[in-house]
Amino acid sequence: MDSDGTQDARGTHADSVPRPAGPPDVPVTPPEVPAAPPRPARAPGVPPLPDGSAFLAWVRAPRPEAAPGVWRFGHRPRPQEEPEQIPARQLLSGAVIAFLVGWLIWSLLWNGYLGGWWVLPLELFTPDSWRHSGDRIGNAFLWYGYYTLIALVIMIGVGRLGRWGEVWRRYGLPAWQRAAPASERLPEPEEDPAQWNQLRAAGAGDAAERLAAEARAGLMRDVDHARIARAWQGVRSGRHSLATFTGAVLKDGAAACLHPSGDRDLPGRLARHDLVSGQVRLGTTADDPRNPYAYRGTGLALGPDLLGTSLLAVGPAGSGKTGGVVWPLAESLCLHALAGRAAVVVVGAAGAGLGPADAYDVVVRIGNPESVYDLDLYGGTTDPDEAAAVLAEALVGDLADPHPGGDSRRSTTVLAQLLGPFQAVHGRFPSVPELRRLLDGAPGPLGALRKALEDTGQASLLRELDARERQLGHPGDVGGVLADRVALLDRPAFAGFFDTSGQSRPFSLRALDHPVRVRIDLPARGHADASRILARLVLAQFTASVAVREDRSLFASLVLDDATGVVTPDAVRGIQRLRSGNAGAVLTLRTLDDVPRPLRSPLLGAIGCRMALSGLTPWDGQDFAEVWGKEWTEARDVTDRQIIAETPAGKAVHMLRRVITGHAPTARAVTVRQVERERWSASELAHGVPPGHAVLSLTNVKGEHAPPLLVDLRS
1 MDSDGTQDAR
11 GTHADSVPRP
21 AGPPDVPVTP
31 PEVPAAPPRP
41 ARAPGVPPLP
51 DGSAFLAWVR
61 APRPEAAPGV
71 WRFGHRPRPQ
81 EEPEQIPARQ
91 LLSGAVIAFL
101 VGWLIWSLLW
111 NGYLGGWWVL
121 PLELFTPDSW
131 RHSGDRIGNA
141 FLWYGYYTLI
151 ALVIMIGVGR
161 LGRWGEVWRR
171 YGLPAWQRAA
181 PASERLPEPE
191 EDPAQWNQLR
201 AAGAGDAAER
211 LAAEARAGLM
221 RDVDHARIAR
231 AWQGVRSGRH
241 SLATFTGAVL
251 KDGAAACLHP
261 SGDRDLPGRL
271 ARHDLVSGQV
281 RLGTTADDPR
291 NPYAYRGTGL
301 ALGPDLLGTS
311 LLAVGPAGSG
321 KTGGVVWPLA
331 ESLCLHALAG
341 RAAVVVVGAA
351 GAGLGPADAY
361 DVVVRIGNPE
371 SVYDLDLYGG
381 TTDPDEAAAV
391 LAEALVGDLA
401 DPHPGGDSRR
411 STTVLAQLLG
421 PFQAVHGRFP
431 SVPELRRLLD
441 GAPGPLGALR
451 KALEDTGQAS
461 LLRELDARER
471 QLGHPGDVGG
481 VLADRVALLD
491 RPAFAGFFDT
501 SGQSRPFSLR
511 ALDHPVRVRI
521 DLPARGHADA
531 SRILARLVLA
541 QFTASVAVRE
551 DRSLFASLVL
561 DDATGVVTPD
571 AVRGIQRLRS
581 GNAGAVLTLR
591 TLDDVPRPLR
601 SPLLGAIGCR
611 MALSGLTPWD
621 GQDFAEVWGK
631 EWTEARDVTD
641 RQIIAETPAG
651 KAVHMLRRVI
661 TGHAPTARAV
671 TVRQVERERW
681 SASELAHGVP
691 PGHAVLSLTN
701 VKGEHAPPLL
711 VDLRS
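The sequence shown runs 1 to 715 under the UniProt record's numbering.
See below:
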């Protein structure tokens, strides 16, 4: 088998980018292994445990199956319905009064104020010789045993009336046990994930023992565990041989099957990750009546199973989109890439806070002369028609008719009429200045291209060029529009970029077949229009590349920090197709007004996870309210009428009820009816979401749904 990318140089094209992690034929020397336990195994501020205890506690922690979006690490499932809760004041006062009533009854019985009838059962069921015998010890045992039985009967009766069992469960030892639960039961050896029993069952016992020893010694991280588990999946699927995998593990231990970068972790993690379940925690579901009871107070987390349906987050500047949503997701996807599970492309403005350069394999800084990598304008394809379609979407996608049936086909045709002949002559596609001159219709470039085609006898391509020349200057010709758009990229700041001569290191999204981590910095300052063109270009190339990937077991994700001006009809159709290719996109917007009105509903319908952050406008809230729809709820109309007592005994009873309940005695009439209401109204989304919170609905790739949830992104 090949090296699986573990010895390849970090390049830019599909044949030189990091490949999925797997056991190499000739394992490379691993970097120095630090002795610290994995970061997710301990809470912030807690010192690491010795001898790998932290890692073992992390890998053995329970992760029960849960509803979509629930943080599964250490999760304790809750009931679907909220149990009826008696107010604490009423519960405690009722318990005390019941105790006093029981004490009063016992005192009256003991002192004989109620007569001797209460000893009749003893007289009926015992012979006289027992009660009147001269045996003092026997008499004492009989009578005091009977007194104890009567006391227990009284205690049980008043205890049930006073709800002493509920008081014990709420404030007694069970409550203390819930507040400070005991340590989790260690799994049995046959089910212990730290023992790698699946390797032992397949005959790789030596490799399993080496990994278990590394874990006990504190030499294994969470990324190591996930990466080796991914490589083992390759063995089970037949992509790698068992002997090669075993040899790599025996030689390198926890450092086996490294990512081509040699990294085993990310510098300075900020979010909480669980690579066993694949989740990253974004916050806590608020304890709010509008949230389902099973979700209240649980951690809110996302993973590839949810990102596979794509995510749209909408909120104004400062609402926490980048720091609270985009970077945690990007960090999680980069960890998945190190484990050989994912490929991620993160796009945003320079300095937007998308993580350090060390967290990525490729950093493309468009407009920065110090950038090591360039961006392939044509997406790495050699097909002129495909290159024309992607480039047309980038150049005029926002100008295309957003109504059904409208698209950029004319722009695609114009570009194809030029790209095909140019490639046939030069063996490459035109650079930005060359493409601009061709689109302008200048006689010199077109004449030179025609002569080169005639010299090589390319008659079919001459017809393409003839058609382009006939359309020049005609009404409705989009060549001038395309030339104006290309001119935005033909600026001095981009002079060293989009080179097609082979002198630079262009990155192509064809590399998404490998676990590569890419960050693309857009030149937002002073080049806003060019940045939007490039963002559309990356999105178009991403959707086109994902559709033709060979290895779809690798999750591919595009994280676009600002999708203003990016959403087009073709982009919506491309996002709809991502789920079938094991891919997803994360898009953020300041407002839905940045999307053409006819495309808002299709966009919200194409995306499975929708997030509305605090500070949303009412008209944006209306779009979310419509897509989230309505639900049937139970409306209760309660009418209370105070009861007036006429007799002294009735007044005494009412006074006792007021002491126990805290309310005057009333006669209550309750009317229950089913009504259909919006899950979240536009007004609630605009004014009822606290700062640092968001309302999020979820759909996973299996089609399971979670209703809109109010989430605290700061916890």
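Every residue, glycine too, gets a C-beta built ideally from N, C-alpha and C.
Name the one or two DSSP bridge partners that residue 630 has. Residue 630 is bridged to 678.
Measure the C-alpha to C-alpha separation of residue 494 and residue 439 and round it to an integer number of angstroms. For residue 494 and residue 439, the distance between alpha carbons rounds to 19 Å.
Spatial neighbours of residue 717 within its chain, please: C-beta separation below 7 Å, excluding the five flanking residues on both sides. What the structure shows of the chain is the stretch from 1 to 715, and residue 717 is not part of that stretch, so it cannot be assessed.
What does a CB cutoff of less than 8 Å around residue 625 pick up in its chain, not counting 5 residues either side in sequence? Here the set comprises 678, 679, 680, 681, 682, 685.
For residue 530, the first and last residue of its enclosing alpha helix (DSSP H): From DSSP, the alpha helix (DSSP H) with residue 530 extends over 528 to 547.
Should the region 408 to 415 be called in touch with the region 469 to 484, which here means at least 3 C-beta pairs below 8 Å? By the Cβ criterion, the region 408 to 415 is in contact with the region 469 to 484, since at least three pairs of Cβ atoms, one from each stretch, lie closer than 8 Å.
Option nearest residue 261 by Cα separation, candidates 335, 303, 195: For the residues 335, 303, 195, the minimum Cα distance to residue 261 belongs to 335.
Which residue wins for smallest C-alpha separation from residue 211, given the options 226, 234, 254, 201? Taking the Cα of residue 211 as reference, the smallest distance to any Cα among 226, 234, 254, 201 is reached at 254.
N- and C-terminal bounds of the alpha helix (DSSP H) containing residue 576: 569 to 578 is the span of the alpha helix (DSSP H), which, as asked, contains residue 576.
Same chain only: Cβ atoms within 8 Å of residue 658, ignoring 5 sequence neighbours per side: Answer for residue 658: 664, 665, listed in chain order.
Just mark residue 705 as buried or exposed, buried being the case when its beta carbon has 16 or more other beta carbons within 10 Å. That one is exposed.
In the DSSP assignment, the alpha helix (DSSP H) including residue 423 goes from what residue to what residue? Under the DSSP assignment, residue 423 falls in the alpha helix (DSSP H) whose first and last residues are 409 to 426.
Distance check for residue 208 and residue 526, CA to CA, integer angstroms please. Using only the alpha carbons, I get a separation of about 56 Å.
Would you mind stating whether residue 387 and residue 379 have Cβ atoms separated by less than 8 Å? Residue 387 places its beta carbon less than 8 Å from that of residue 379.
Please return the same chain residues whose Cβ sits closer than 8 Å to the Cβ of residue 341, not counting the five positions on each side in sequence. Contacts found: 226, 230, 278, 304, 515, 554, 555.
7 Å Cβ shell around residue 154 - same chain, five flanking residues per side excluded: So the qualifying residues of the chain are 102, 105, 106.
Give me the Cα-Cα distance between residue 316 and residue 327, rounded to the nearest whole angstrom. Those two C-alpha atoms are separated by around 17 Å.
According to DSSP, is residue 622 part of a helix, a strand, or is it coil? Secondary structure at residue 622: helix, using DSSP grouped into helix, strand and coil.
In whole angstroms, what is the alpha-carbon distance linking residue 355 and residue 365? If you draw a straight line from the Cα of residue 355 to the Cα of residue 365, it comes to about 14 Å.
Bounding residues of the beta strand (DSSP E) (the contiguous stretch that carries residue 279): Residue 279 -> beta strand (DSSP E) spans 279 to 285.
Cβ contact (3+ pairs, closer than 8 Å) linking the region 423 to 433 and the region 565 to 578: The count of Cβ pairs closer than 8 Å, one atom from the region 423 to 433 and one from the region 565 to 578, stays below three, leaving the stretches out of contact.
Within the same chain, show all residues whose beta-carbon is closer than 6 Å to that of residue 32, passing over the 5 residues directly before and after it, in chain order. Bear in mind that the predicted position of residue 32 carries a pLDDT of just 33, short of 50, making it unreliable; the figure below should be weighed with that in mind. Once the five neighbours on either side are set aside, residue 32 has no close Cβ partner at all.
Touch test, the region 502 to 516 against the region 366 to 385, Cβ-Cβ under 8 Å, three pairs minimum: Cβ pair count under 8 Å is three or more, so yes.
Express the C-alpha separation of residue 642 and residue 718 in angstroms, rounding to a whole number. The structure shown does not extend to residue 718, since the chain is modelled only from 1 to 715, so the question has no answer here.
Sufficient close CB pairs (3 or more, under 8 Å) joining the region 575 to 586 to the region 296 to 312: Yes: the two stretches touch, three or more of their Cβ pairs being nearer than 8 Å.
Please look up how many angstroms separate the CB atoms of residue 249 and residue 243, rounded, as I've assumed it's under 8 Å. Actually they do not touch by this definition, with Cβ atoms about 11 Å apart.
Let's see if you can read the secondary structure: which residues bound the beta strand (DSSP E) around residue 699? Annotation for residue 699: the continuous beta strand (DSSP E) segment containing it runs 693 to 699.
Simplified DSSP state of residue 313, which is helix, strand or coil: Strand, per DSSP.
CB residue 75 to CB residue 87, shorter than 8 Å? Contact flag unset, no.
DSSP bridge partner residues for residue 477 (one or two, in chain order): None; residue 477 has no bridge partner.
Close-in-space but distant-in-sequence residues of the same chain around residue 325 (CB under 6 Å, 5 per side omitted): Result list for residue 325: 313, in chain order.
For residue 434, which residues of its own chain have a beta-carbon under 8 Å away from its beta-carbon, when the five flanking residues on both sides are left out? Hits under 8 Å: 422, 445.
When you compare only the Cα positions, how much space is there between residue 25 and residue 196? Low per-residue confidence applies at residue 25: pLDDT is 41, beneath 50, and the placement is therefore not dependable, though the value from the model is reported in the following sentence. Spanning the two alpha carbons is a distance of roughly 22 Å.
For residue 640, is the classification buried or exposed, using 16 other Cβ atoms within 10 angstroms of its Cβ as the cut-off for buried? Counting the other CB atoms within 10 Å of its CB gives residue 640 a total below 16, which places it among the exposed residues.
Could you check whether residue 395 and residue 482 sit closer than 8 Å to each other, using their CB atoms as the reference points? Yes.
With 16 other Cβ atoms within 10 Å as the buried cut-off, status of residue 164: So residue 164 ends up on the buried side.
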